[in-house]
Ligand SMILES: Nc1ncnc2c1ncn2[C@@H]1O[C@H](COP(=O)(O)OP(=O)(O)OP(=O)(O)O)[C@@H](O)[C@H]1O
Ligand SMILES: Nc1ncnc2c1ncn2[C@@H]1O[C@H](COP(=O)(O)OP(=O)(O)OP(=O)(O)O)[C@@H](O)[C@H]1O
Ligand SMILES: [Mg+2]
Ligand SMILES: [Mg+2]
């Protein structure tokens, strides 16, 4: 046996670092349970080539420093870990990746949707989440065009997450020759959006891109409705969340969100999702969410690669195999993931969902953001064209 | 200004809202004398001290000290000018030892240079030893040896009074302001205090300006006495003169000398 | 209470037996036993650091004794809550004034009467106090922290009077008062004692005053009681005369140099 | 019990009061220098963080513990230092120069904050520093051309005039050097007139002033020194983490720094170190303990903050003098053994007095 | 019109700050400590209300009363268990304690399975209602905050100014030792104050719930209430409200008329400016020790 960290005769040790007690503890917890569910399933079936999976969870409180320490702890402890899987948060990943790469530990499908998860390229970086940047880049121009709107605004959280959405949406608008007429931001945790809404209202916006997360999304939309300001709202996958509906109620009807995996509604049509959800429910005594699904999916992907590598699991072999992987769409409706030596971001698609009658409804097919280009049509108008472009 | 006057106050006036705490008070303190302020409670004695040490700024009037207008100096310069004081209610550094308190008294005699101090250069060390020697002299004078390393917080009231005097002496002043040095001391300790004040005047050559209620001490040590009442000067002169001044007796001393009337037997 | 019966000098209202108190490792008083009879004025003499203040603080529950017990009006109050002790009618005028600096003089007095519920009595006592110390009336609305030292001392004593207690512990009431007011204070103390029958335990550096005003005296040295007697007799003792009344044969300067230290041990 | 017969004032001035001090601190130094070869890399990284936080802690201690000025925005200085270092190092400035600049820039900012501190105290000062912390964080976010805004910036490894320090061991030794230097500087300062002036200001401003201490000057100085140390710590932090973003220097970080010195023991240099050890090891201990608990508790989110808070409460309740106070008691106990008396450390009743009038 | 609407929005937001600041000032006036857990108490209050409505099925008004009572009891308990043992220690120790209490409070709520990590809404009867007055939008939720703040402030002001207990509370914060000497039951008053301030926190939490939702981190809004209290002068109840209003309005106007980033820092800039101009705040006492 080679001295691959975290791999022993009958065990593969993986680590994950999630916020379990900080501002995003809720998401972190759901993601962890998703991961763990898949681990337990795999271990019940005998593990991977005779090796059981062991998942070590660390809490970083959504704090980069703690994340680095946790990473160091995971890779330094005992036999180390084979990979960090699904680490949460952009800053946490950015801070920790150099530390683990020094020790040749893979960063597998982080739970963060930023470009830096796959760029600049590194053999140990593997990501599956289309970045907020790309989601916004596709969604914004598309809705503008579809609804024949002319004025767009953006409300974004002034941190790295918000910046991704802002830059993406700006790039997207540029493809149709437009700019935001109003850009306004807020600080994480803000509860008062009156001035931001007032600004956008007086700018006469018809589309508002939301670089917001759950509570702020609802807060802003409710404020807008009260002020009699009713544009189209569209958010990134961060707003694609049951919570938004639960908190927002009536006012959030009609909100669009970019997304990939669909929310696992328990009465959902597909049988496999239903039985998966039931399993989850019995195990944790709560309903699964899209975060649980993402966690489950990330672990599932890992298992598939590990199986394919075979009994001789080494980091090199894993990377080699990963470079050839294609994952078919999963039951949650995640798009096909393809990887190659030059392509470490598996998913290049996202789609749109809208809140209708208190539920998220998928309203478009997958759209690729890589093949996006703008063309002049015969009237001289700019049109977005893509080989994948296909409205429902 | 004559060289004999170390300090002279002219028409000092302070008003706090409706209270005229000090009203047109003028006096001169000669070099090398013990000058005492007396007066009923609330007469404005402490306020005069506070004016000299620049804790308050006068509403009108001025103070000259060694030819300088004191009222133009910032408060922290006062010590460097050679004026030290004690406080009526004792203001020591409670969480430090007596020694530490006294060393702080030496502060004005150091040009502190942060960089040199960080490396604790030879000159800093030399200055430290020198401070310590100066402090030890004061400790010897005031018999504080056995309290040297005690925390101030645990000392009895009387000892604290002495420590405060010692701290003031450590600034090596030319003018020493003592606010009720004997309050809280018993007869014997007051006697000690009297000797010390005389030593300070005669041996160290320090001019003393004092506020005091114990007339025995006042008569024993003062060269001149100024009596105040309600912020104004009531009388000035030798201790004897002032003590026999009818206004002073009326407002301050009270008439009955014998206190045996308090006894139950006499009722 | 003003309605108290005239003083029945007799039964001990306060009784300390074998009390020992310490600050951390430092024992401040040891084996102190003393009694104050109802209607009396008792005094404790002692030099600096002898432990006088410590005795008073131990009585009023500010520090808990290590050993011994304290009885007040027949009930054991050892290590009780200070607030409870005050409610039982024992008030302490502390060393160092301890006024409420940011409350007005009037509110300070009102706080003195915190334990009382008879409004009329409070109003009456407020007037009495203002009569004793007219300056307090002039400054009724001023923050107490801005009073002069002596004025604060007056306020501290007045607050105790406002509580209309059965026993007052007075810690150096004349501290910082002018000679005239020192006499007046003692007159007031004696008057309260006579008129209201309030028992008083007095600690005072001005031994002359204290011994004249009190009925019974204790002498404290290094935390132990070394002498006790009626004040009339104490006044006649040579040691007391020399060390507390300042009647030395010769006030020679040289004498201090080799310090004749008094000690009874 | 050890009795020392003093024969020279220098004995009181020296840092080491007796040969025992010399011996034990030499042993500690040896262990620290040998640490890279004694401990696993993970523990070495922890130790590096401990050293970095100790430097910051020294600064906090100087300000809060010795001058009595409490800052609830100290992470801002950490941030200023970290960003200064990042910007200069990334520009190619050699490490020592960048480090000095980081300290200097932080100190300059410290002076600016110190100015309002001259007029306010207590809670007002706390809020002023808190406010200042938020403003600095916002500046770091908005000044994108330099700081890279919210996206954060990566920091190159230290380069000491051509000598690259990119191993964990090298960097550890570098931190050790800086820490030892800073510690001696602070210890020396504290036994000099300046240190005494700080303590005087802490205890009574009015009498400090009457002793000729220039309040404004020394308060500003305290702020500047404290900020400089935080800045140096921040610079090292930037290297250790190699990626910094504004939200790493937020209010939570500031509160952590404050807790660090309180738990370590306010008013003692040892406290800064003990506090740093505590701050870094606490989360590790919690996550170790997690596995022993039933899942419902062990895996529950929020456990960490409950334990953290509970430990803090326990400290304030049972050991207000912090870890250092506890150590002193243990030491006294050992020295007095077997003569230790039970009442020796019994807490006295004490009474709160208004801080508003100081 | 726009301007007036902004000012109204600012006033509403300012009242929220003021309401929380009231809690700070209350504790400060009576114990001279700063309660950094006030925000967490508020959060607990909101969760209490939530629990009463969803778990116990209480109607809204009953739930309000229940939450206030529960929190008052909790405040008493808190004082007895953690604050009292160190009563008399320097105020700073208590400040540190409140940090600890904040951490524990937030953590414990987060630990409740399925509830703690989620965001909830409180079904108040007036949710999302608005009044339209001549083109101005008045939000009923915010009006409720304004009204409650005014009433609370007046009541507390009267208590501190005129009642014996209120004065005694201030007395014990200024000189605890003297308070003991006067027979003031310092411990009991302290409990009372903590109970009271927890009740005030509960009211704030319930009023805020429809505006900010109920979640474990809702207490962080307290960070903006500090500047409010300081601007008004930390020891002054009306000051807390005025400070809150100033900050709310400045935030609102700077949010609209100034570039991004100013809205979030406005509170802090205002407080710094205030401390330079008037170090003790608008209504703060001018404090000077007399020696
Ligand atoms: N800062 C202040 N604000 C308001 N009034 C003040 C202030 N300082 C002093 N006073 C008032 O001025 C008067 C004089 O006070 P001062 O302290 O000088 O008296 P004193 O002569 O020292 O009396 P004592 O012998 O009692 O100490 C007093 O009535 C006092 O109330
Ligand atoms: N807080 C304290 N901590 C430690 N020791 C103390 C403390 N307070 C008093 N002591 C010690 O206890 C002893 C008795 O002090 P106490 O204050 O009772 O004396 P006193 O007789 O009232 O003196 P004075 O006449 O100066 O008021 C003194 O030796 C003193 O050093
Ligand atoms: Mg005076
Ligand atoms: Mg005493």
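Residue numbers (our numbering), protein chains in the order written: chain A, 1 to 392; chain B, 1001 to 1267; chain C, 2001 to 2265; chain D, 3001 to 3358; chain E, 4001 to 4291. Ideal placement from N, C-alpha and C gives every residue a C-beta, glycine not left out.
Counting only beta-carbon atoms, is residue 2020 of chain C nearer than 9 Å to chain B? no
Could you check which residue in E:4265, E:4157 and E:4186 has the C-alpha nearest to that of residue 2082 of chain C? E:4186
If you run the structure through DSSP and keep just helix, strand and coil, what is residue 1947 of chain C? Given that chain C is displayed from residue 2001 to residue 2265, the structure contains no residue 1947 of chain C and the question cannot be resolved.
How should residue 3091 of chain D be labelled, buried or exposed, when 16 other C-beta atoms within 10 angstroms of its C-beta is the threshold for buried? exposed
Neighbouring residues, chain D, relative to residue 1125 of chain B (Cβ below 8 Å): Here the neighbours are 3010 and 3013.
Check whether residue 1050 of chain B and residue 1026 of chain B have beta carbons under 9 Å apart: no
So, is residue 2238 of chain C buried or exposed, given that buried needs 16 or more other C-beta atoms within 10 angstroms? Residue burial annotation: residue 2238 of chain C is exposed, with fewer than 16 other C-beta atoms found within 10 angstroms of its C-beta.
With DSSP collapsed to three states, give me the class of residue 3292 of chain D. coil
Tell me the DSSP secondary structure of residue 371 of chain A in three-state form. Low per-residue confidence applies at residue 371 of chain A: pLDDT is 45, beneath 50, and the placement is therefore not dependable enough to give any value.
Would you give the residue range spanned by the beta strand (DSSP E) that residue 2015 of chain C belongs to? 2012-2023
For residue 1069 of chain B, which residues from the same chain have a beta carbon less than 8 Å from its beta carbon, with the 5 sequence-adjacent residues on both sides left out? Within the same chain, residue 1069 of chain B has close Cβ partners 1062 and 1063.
Can you pull the DSSP bridge partners for residue 258 of chain A? A:352
Residue 3057 of chain D CB to nearest heavy atom of ligand 2 below 8 Å: No; taking the cut-off as 8 Å, the Cβ of residue 3057 of chain D has no heavy atom of ligand 2 nearer than that.
Would you list, in chain order, the members of the stretch 3167-3183 of chain D that have their beta-carbon closer than 7 Å to a beta-carbon of chain A? Flagged: no residues at all.
Any idea what DSSP makes of residue 3164 of chain D, helix, strand or coil? Correct three-state label for residue 3164 of chain D: strand.
Specify whether the stretch 3130-3149 of chain D and the stretch 4268-4277 of chain E touch according to this definition: at least 3 beta carbon pairs, one from each stretch, less than 8 Å apart. yes
Heavy atom of ligand 2 within 8 Å of residue 1090 of chain B beta-carbon: no
Closest to residue 4069 of chain E by C-alpha separation, out of E:4037, E:4197, E:4021 and E:4125, would be which residue? E:4197
Let me confirm a value: residue 4123 of chain E is counted as buried when at least 16 other C-beta atoms fall within 10 Å, else exposed. Which label applies? exposed
Residues of the stretch 4149-4168 of chain E in Cβ contact with chain C at a cutoff of 8 Å, in chain order, please. 4164, 4167 and 4168
Given 8 Å, three or more beta-carbon pairs between the stretch 1028-1048 of chain B and the stretch 1209-1218 of chain B: yes
Measure the CB-CB distance between residue 93 of chain A and residue 70 of chain A and report whether it falls below 9 Å. no
So does the stretch 4225-4235 of chain E actually touch the stretch 4018-4028 of chain E, counting three or more Cβ pairs closer than 8 Å? yes
For residue 3232 of chain D, report the span of its alpha helix (DSSP H) as first-last. 3215-3241
Which residues in chain C have a C-beta closer than 9 Å to the C-beta of residue 4141 of chain E? List them in chain order. The contacting residues do not exist; residue 4141 of chain E stays about 38 Å from chain C at best.
Alpha carbon to alpha carbon, how far is residue 1059 of chain B from residue 4340 of chain E? Give it in angstroms, no decimals. Outside the displayed span of chain E (4001 to 4291) sits residue 4340 of chain E, for which this structure offers no information.
So for residue 1027 of chain B, helix, strand or coil by DSSP? In the structure shown, residue 1027 of chain B sits in a strand (DSSP, three-state: E or B).
May I ask you to report which of helix, strand or coil DSSP gives residue 274 of chain A? helix
Helix, strand or coil for residue 3093 of chain D per DSSP? coil
Within the continuous beta strand (DSSP E) that includes residue 2031 of chain C, where are the two ends? 2026-2037
To the nearest angstrom, report how far apart residue 4217 of chain E and residue 3198 of chain D are at their CA atoms. 38 Å
Measuring straight from C-alpha to C-alpha, what distance separates residue 32 of chain A and residue 300 of chain A? 13 Å
Does residue 3210 of chain D have its Cβ less than 9 Å from a Cβ in chain B? yes
Between residue 1088 of chain B and chain E, is there a C-beta pair that is closer than 9 Å? yes
Are the beta-carbon atoms of residue 4009 of chain E and residue 195 of chain A separated by less than 9 Å? yes
If we count the other Cβ atoms within 10 Å of its Cβ and call it buried at 16 or more, is residue 3249 of chain D buried or exposed? buried
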